[in-house]
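Each residue of the sequence shown is one higher than the last, beginning at 9 in the numbering used here.
The beta carbon of each residue, even a glycine, is placed where N, CA and C say it ideally should be.
The structure presented is a predicted model; accordingly, all values stated were derived computationally and were not measured.
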Amino acid sequence: MKRRRAPRRAIWSRPAECARGLLVLVVGGLSGISAPAATASPLSDSQLEHCLRKGKIVDNRLIGTGVTRPKRLELECNGTIVAAAFKTYDEERPGLTRFEDAAPELQFTDSYRYEVAAYSIDRYLGLNMVPVVVKRQVGRDLGATIAWVEDAISPEELRQRPLTDAQRSRLKFQEGLMVLFDSLIKNVDRNQGNMKITPDDLRLHLIDHSRSFRRDERLSAKLVNQRIAIPEGVYERLRRLSRMEDKELRNLTQKSISRARSRAVISRAALIVAKIDEQRAAYGDDVVFRPLPPLESDSP
């Protein structure tokens, strides 16, 4: 039987590793942002999860040279080839860890498990900004298998292209949701290398969450100083999350984070909800609750 290639959503582009051993993407040769919206992939999240978890591995190779040593997998699922990354790095360091290019950090942790937790929370909230992630064992190694989005560019590349006011509004709205999400999961490593945008639909895709879920319950300064615009459905789910017991959140994240880290997420969720409620009282629900802006404005 002739193998079919998976839709481009699930194919990996060439990866590279940055100075701290974190996976980033290098993508090029893409279509312009004025193209029509991309059609939906025929693979649903559940289908892609099944493929990443159960698909036959037909290729398995190291990518990059950093300490995290991720692998690139090709999986065969019902005649379709799907590409993914496989990350196994899982480390916690007591005391103070120093970096050449970043501030020192107490109780440093970097784990593939947080990729699973970030995906689970993203889908629970209905953000749909994090690519599909599942736990899987490959040989003796347990890790995270991560679908990737091809045909994506960095924010820096996008800034070099002409944008309409409607397109800028669409991107700014998603960047605001990213700040909220990063504050919720306490992601300390958001940078230009792990923010990717698909030009056809101007959707923001968030990757690389292995340095998230710190136990600090404070919100990021960036979110504290930001006026929030959020879909009402996301707010309602965030409110439910803020009232969860830590056991319930651990089950939601497939036990990928500890009870202490779960409690920290719940505490931050409560602070975010309180901030949103303050802004609702100050500006009104019509200002705070907004859907994702369209690609093009309806006004003449």
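Give me the Cβ distance between residue i and residue j, rounded to the nearest whole Å; I'm assuming they're in contact under 8 angstroms.
i, j, result
"residue 244", "residue 276", "At roughly 17 angstroms, the Cβ-Cβ gap does not stay under 8 angstroms, so residue 244 and residue 276 are not in contact."
"residue 284", "residue 296", "6 angstroms"
"residue 139", "residue 154", "6 angstroms"
"residue 144", "residue 279", "Not really, about 34 angstroms apart at Cβ, beyond 8 angstroms."
"residue 298", "residue 239", "7 angstroms"
"residue 97", "residue 218", "7 angstroms"
"residue 303", "residue 210", "6 angstroms"
Using the rule of at least 16 other Cβ atoms within 10 Å of the residue's Cβ for burial, across every protein chain shown, is residue i buried or exposed?
i, result
"residue 95", "buried"
"residue 178", "buried"
"residue 282", "exposed"
"residue 64", "exposed"
"residue 70", "exposed"
"residue 43", "Caution is warranted here: a pLDDT of 27 is assigned to residue 43, below 50, making its placement in the model unreliable, and the coordinate value is therefore given only provisionally. That one is exposed."
"residue 110", "exposed"
"residue 147", "exposed"
"residue 120", "buried"
"residue 62", "exposed"
"residue 47", "Note that residue 47 scores 32 on pLDDT, short of 50, meaning its location in the model is unreliable and no value can be drawn from it."
"residue 86", "exposed"
"residue 202", "buried"
"residue 66", "exposed"
"residue 150", "exposed"
"residue 93", "buried"
"residue 221", "buried"
"residue 107", "exposed"
"residue 182", "buried"
"residue 255", "exposed"
"residue 251", "exposed"
"residue 207", "buried"
"residue 101", "exposed"
"residue 54", "exposed"
Let me know the secondary structure DSSP gives residue i once reduced to three states.
i, result
"residue 140", "coil"
"residue 92", "strand"
"residue 160", "coil"
"residue 189", "helix"
"residue 233", "coil"
"residue 199", "coil"
"residue 286", "helix"
"residue 75", "coil"
"residue 55", "helix"
"residue 39", "Any reading at residue 39 needs caution, since the residue's pLDDT is 27, under 50, leaving its predicted position unreliable; the model's value is listed next. In the structure shown, residue 39 sits in coil (DSSP, three-state: anything other than H, G, I, E or B)."
"residue 212", "strand"
"residue 265", "coil"
"residue 180", "helix"
"residue 168", "coil"
"residue 145", "strand"
"residue 300", "coil"
"residue 114", "strand"
"residue 60", "helix"
"residue 104", "strand"
Going by DSSP, what residue range makes up the beta strand (DSSP E) through residue i?
i, result
"residue 151", "149–155"
"residue 69", "64–70"
"residue 98", "98–100"
Span of the alpha helix (DSSP H) holding residue i?
i, result
"residue 218", "Segment: none, residue 218 is in no alpha helix (DSSP H) and carries neither H nor E."
"residue 79", "Unbroken run through residue 79 is the beta strand (DSSP E), 79–85; no alpha helix (DSSP H)."
"residue 240", "240–250"
"residue 294", "293–296"
"residue 256", "254–260"
"residue 123", "121–133"
Segment contact, 8 angstroms Cβ cut-off, at least three pairs: the segment 186–206 with the segment 126–143: Taking a cut-off of 8 angstroms on C-beta distances, the segment 186–206 touches the segment 126–143, as three or more cross pairs fall below it.
Segment contact, 8 angstroms Cβ cut-off, at least three pairs: the segment 170–186 with the segment 106–125: Three or more Cβ pairs closer than 8 angstroms define a contact, and the segment 170–186 falls short of that threshold against the segment 106–125.
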